[in-house]
Amino acid sequence: MAALPVVAIIGRPNVGKSTLFNRLTGRRSALVSDMPGLTRDRRGETAELYGHPERLLDTAKLEEAPRGSIPARMREQSEQAVKDADLVLFVIDARDGVTPADEKFSDIVRKAGSPTILIANKCEGRQGDEGFYEAFALGLGQPIAISAEHGEGIGELEREILAGLGLGGQADDDDAEATAEPAEDTLRPIRVAVVGRPNAGKSTLVNALLGEDRMITGPEPGLTRDSIETDFEWQGRALRIVDTAGLRRKSKITEKAEKLSVSDTVRTLRFAEVVVVMIDAERPFEHQDLTIAAMVAEEGRALVIAINKWDLVAEKQSQLKVLRDTVSQKLAQVPGVKVVTVSALAERGLDQLMAAIIEAHEIWNKRIGTAPLNEWLRATIDKHPPPAVSGRRIRIRYITQPSSRPPTFIAFTSRPSELPKSYMRYLVNNLRETFNLPGTPIRLNLRKSDNPYAGRGGQGGADARKASR
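The sequence shown: position 348 = 353 (this note's numbering), numbered continuously.
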């Protein structure tokens with residue numbers, strides 16, 4: 006019987022190696038804690054990715070230590086795992102950024118010559134953005150953004166692992182990169198959070214979608230205090246909907262219980278995939294509504310606006326036009342966001358709302374190939390070149406999409422700090438229009454470089470040459 010391919014997870018202490026090991030194996034066999042150095046021995050388990058079994062190794066931390074000490078022996082075990090592996094998963098903590106230890110150990114990985122996938126862990130929310138972009142400098146190729154704890158980006162990583170082992174799962178040509186929802190998102194439930202001001206009808210909506218009185222409802226504001234998750238299915242699609250406490254202005258929050266509820270709601274919002282902002286049609290778009298929607302966009306979540314109590318509106322057509330114009334003006338950072346009218350109490354408009362949620366989720370997950378992105382970049386720059394600053398033209402040479410959820414792009418340019426914000430808006434709006442990305446946050450980040458992998462050998466250089474063909 007042929008031996009299983011070996012995949013080793015390595016990295017410095019406390020970057021989330023064991024959490025990732027448990028996530029990939031589907032078992033909690035590795036101890037997980039905030040205490041660094043908990044793992045001391047190589048732990049091996051079989052993981053099955055899309056029907057392909059692999060031998061997955063969780064390794065001890067990589068760190069400098071006196072010869073003969075326990076940490077030194079732990080490091081020797083990890084280095085041996087790198088040499089024995091068919092594929093190495095090199096993990097960094099994106100919230101910490103690239104540390105000197107990461108740089109030193111990336112040199113060890115490159116010298117070993119094993120195929121390597123660079124993983125930026127703990128990328129939930131926006132806390133890991135800067136560290137993710139720093140990871141390009143390690144020269145191990147384009148990093149993959151994940152959250153091992155919350156399961157974000159795991160499907161993309163699994164396909165990259167299969168490709169790295171030569172087992173399929175990803176096309177060899179950049180032109181064949183996926184442009185639709187990743188495969189894992191058709192298997193696990195879409196995480197949907199329903200947020201809004203108190204008494205907007207959030208719990209009533211959740212009950213209507215579930216088809217039962219799961220949440221306590223009533224005219225009194227603030228009945229919901231905990232964020233309650235419930236799994237359900239809508240026309241064959243699995244969803245996990247979270248009813249949250251109402252969000253009021255900070256100045257109006259006085260009770261300790263309400264403060265805790267609001268903190269729980271904000272945390273739920275950060276780990277949702279799609280956020281439905283509930284608006285009361287009788288008091289539409291007060292300041293707090295717009296603040297909540299802007300918070301959703303800032304966190305990079307897919308956004309849907311639901312106007313509730315629509316059955317109580319008399320002049321529906323004229324009022325809907327006013328509401329859509331308000332969304333367009335006040336939420337200019339996410340043009341094209343879906344506005345759906347519903348009556349949670351009368352259970353009207355639910356099909357349209359669910360269709361908007363699923364569509365928003367698909368757009369939020371969208372991936373665009375490197376080749377079409379750079380074709381777009383050339384055409385866009387030819388049509389409207391970047392302005393000259395201090396008599397010198399700013400050059401934008403290359404663009405790639407390192408991650409989705411939300412669609413995130415990196416453009417490599419000669420002087421990133423000098424590119425005007427107006428030109429950045431032009432690029433983002435053109436990206437949104439060309440690749441059909443309405444109503445979802447788009448992140449475009451600039452990095453200084455002629456070539457994103459300049460001066461580095463190894464896998465990163467090969468990736469750059471491939472992308473430039």
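Don't be surprised by glycine CBs; every beta carbon is placed ideally from N, CA and C.
Distance between residue j and residue i (C-alpha atoms, nearest Å)
i	j	result
Arg196	Arg100	23 Å
Gln357	Phe414	30 Å
Ile386	Thr375	16 Å
Arg452	Phe417	5 Å
Pro10	Thr439	41 Å
Pro76	Gly341	Low confidence applies here, because Pro76 scores a pLDDT of 49, under 50, leaving its location unreliable; read the following figure in that light. Going by the C-alpha atoms only, they are around 54 Å apart.
Ala52	Ala349	43 Å
Glu217	Ala351	13 Å
Leu54	Glu163	6 Å
Arg461	Gly146	Residue placement at Arg461 is flagged as unreliable, the pLDDT there being 44, under the threshold of 50; the coordinate-derived value follows with that caveat. Spanning the two alpha carbons is a distance of roughly 10 Å.
Ala384	Ile447	20 Å
Glu320	Ile404	47 Å
Gly227	Lys127	In this prediction, Gly227 scores a pLDDT of 43, lower than 50, which makes its location untrustworthy; no coordinate-derived value is stated.
Leu308	Val318	23 Å
Pro18	Arg275	26 Å
Thr121	Gly158	17 Å
Arg420	Asp134	20 Å
Leu382	Gly444	21 Å
Ala140	Asp285	44 Å
Leu172	Ile166	9 Å
Asn434	Ile401	17 Å
Leu25	Glu129	14 Å
Gln322	Val103	53 Å
Asn379	Ile373	10 Å
Ala243	Asn441	25 Å
Residue i CB to nearest heavy atom of the ligand ADP below 8 Å
i	result
Leu295	The ligand ADP is not among the ligands present in this structure, which contains no ligands whatsoever.
Under the three-state DSSP convention, the category residue i falls into
i	result
Ser159	Per the sequence shown, the amino acid found at residue 159 is Ile instead of Ser. Note: Ile159 maps to helix in three-state DSSP.
Tyr403	strand
Arg353	strand
Gly21	coil
Glu278	coil
Lys343	strand
Leu249	The sequence given here has Thr at residue 249, not Leu. Correct three-state label for Thr249: coil.
Arg28	helix
Ala298	helix
Gly136	helix
Phe141	helix
Asn434	helix
Glu303	helix
Arg397	strand
Glu154	coil
Leu9	coil
Glu238	strand
Leu325	helix
Leu424	coil
Ser483	Since the first and last residues shown for the chain are 6 and 474, residue 483 lies out of range.
Arg410	coil
Leu172	coil
Leu308	strand
Opposing strand residues paired with residue i [DSSP bridges]
i	result
Leu451	Ala416
His57	Leu54
Leu123	Phe95
Ile149	Ile124
Asp285	Asn313
Gly201	Met283
Ala243	Glu238
Ile15	Phe95
Ile166	Ile166 is not bridged to any residue.
Min CB distance residue i to chain B below 9 Å
i	result
Arg383	No chain B is present in this structure, which holds just one protein chain.
Integer-rounded CB distance, given that residue j should sit under 8 Å from residue i
i	j	result
Asn12	Asp63	A small correction: the amino acid at residue 12 is Val; Asn does not occupy that position in the sequence shown. About 10 Å; that fails the 8 Å criterion.
Ala142	Ala125	Rounded, the Cβ-Cβ distance is 12 Å, inconsistent with contact.
Val344	Ile368	Contact flag wrong, Cβ pair sits at about 15 Å.
Glu304	Leu170	The pair is not a contact, with the Cβ atoms about 35 Å apart (cut-off 8 Å).
Ile97	Gly136	7 Å
Arg283	Gly201	The amino acid at residue 283 is misidentified as Arg; the sequence shows Met. With 8 Å as the limit, Met283 and Gly201 qualify as a contact, their Cβ atoms being about 3 Å apart.
Val279	His366	5 Å
Lys371	Pro407	Actually they are not in contact, since the Cβ atoms of Lys371 and Pro407 sit about 14 Å apart, beyond 8 Å.
For this session: List in chain order: all unbroken alpha helix (DSSP H) runs of 4+ residues lying wholly within the segment 94-120.
Result: 105-117
For this session: Return the chain-ordered ranges of every beta strand (DSSP E) run that is complete within the segment 355-392 and spans a minimum of 3 residues.
Result: none
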